[in-house]
Amino acid sequence: MLRFDIVTLFPELFSGFLTTSFVGRAIQRGILQIKFQSLRQFGKGRHQSVDDTPYGGGSGMVMRVDTLVEAMEAFDERYTPEERAYRVLLTPQGGLLTQHTVGSLVQKNAIMLICGRYEGFDDRVRDFVDEEISIGDFVMTGGEVAAMTIIEASVRLLPGVLHNADSIRYESHGSESRGLLEYPQFTRPLDFRGKSVPQVLLSGNHQSIEEWRRAESVHRTRTRRPDLWKRYQQRASSLTDKPFSRNRS
3 MLRFDIVTLF
13 PELFSGFLTT
23 SFVGRAIQRG
33 ILQIKFQSLR
43 QFGKGRHQSV
53 DDTPYGGGSG
63 MVMRVDTLVE
73 AMEAFDERYT
83 PEERAYRVLL
93 TPQGGLLTQH
103 TVGSLVQKNA
113 IMLICGRYEG
123 FDDRVRDFVD
133 EEISIGDFVM
143 TGGEVAAMTI
153 IEASVRLLPG
163 VLHNADSIRY
173 ESHGSESRGL
183 LEYPQFTRPL
193 DFRGKSVPQV
203 LLSGNHQSIE
213 EWRRAESVHR
223 TRTRRPDLWK
233 RYQQRASSLT
243 DKPFSRNRS
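Start counting the sequence shown at 3; every next residue gets the next number (this note's numbering).
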């Protein structure tokens, strides 16, 4: 079973997310468990404040380190030392989330996701976490959407969650993609407003279909994600195989 412990100021933001699609099904089947710890419970003063003005001046409010750490420790108190979660701080300054990162997190079995709000965290909180993760080079109001992103990406890797396990292996960033983006896919109708399904997909020739898909994956990666294409070429050049560069047809 995979467990997520969520530290957040707004647990209610997750209500719809946890009851729909395969995330909800995973919870019902008992292979996914998600628990919450409200930061407000550890707020300070009459108004249970979780943030304060930054030392040295500046705009916005900064989340207090004592509130954050006390919330994390409250989670730890529920478990034995062996059951305690791997702590992940969700921050735009963290390492970029990738499929490899997701796979590594799933191996932890229990992950604590710390969601911020406002201007940011008191920097001392970084000394109390195991890893910092960002879902992209942009800034949001809080870390809750980032937490949902990690949860959904992780749940997809659990055995039995998806009806077709091969869809995980061969899609973009999957284990069998070799670092290439996924090929284009089509379904009915055959023709739509002058746009038709490629004839090769209707040929019944499995070898031709695979070659076409491979060429399309290469083309999409090279044109849409030059960074992935460069990485693919570097990896391929270190092996006996040459990078695949078949012309598209």
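Positions of the beta carbon are idealized from the N, C-alpha and C atoms, including for glycine.
Looking at C-alpha atoms only, which residue of the options is the closest neighbour of residue i?
i, options, result
"A76", "K37, S61, T103 and T93", "K37"
"G97", "A87, E85 and G138", "G138"
"S23", "G181, I153 and D129", "I153"
"M63", "V52, V71, T69 and A73", "V52"
"L107", "L4, A238 and S239", "L4"
"L70", "Y57, V90, F16 and Y81", "V90"
"L41", "P186, P13 and S17", "P13"
"R66", "L11, Q101, T100 and T103", "L11"
How far does the beta strand (DSSP E) with residue i in it extend, from its first residue to its last?
i, result
"D125", "No beta strand (DSSP E) contains D125, which DSSP labels as neither H nor E."
To which residues does DSSP link residue i through a beta bridge?
i, result
"R119", "G144"
"Q39", "V9"
"E133", "V90"
"S51", "K46"
"D193", "S198"
"M114", "D7 and R89"
Which residue comes first and which comes last in the alpha helix (DSSP H) that contains residue i?
i, result
"Q101", "Q101 to V108"
"F24", "S23 to Q30"
"L230", "P228 to S239"
Which of helix, strand or coil does DSSP assign to residue i?
i, result
"V64", "strand"
"F77", "helix"
"L182", "coil"
"Q209", "helix"
"I33", "coil"
"M150", "helix"
"L98", "strand"
"R222", "helix"
"F16", "helix"
"T69", "helix"
Could you give the C-beta distance for residue i and residue j, rounded to a whole number, given that I count them as a contact under 8 Å?
i, j, result
"D7", "A155", "The Cβ separation is near 17 Å, so there is no contact."
"V25", "V157", "5 Å"
"G118", "L92", "7 Å"
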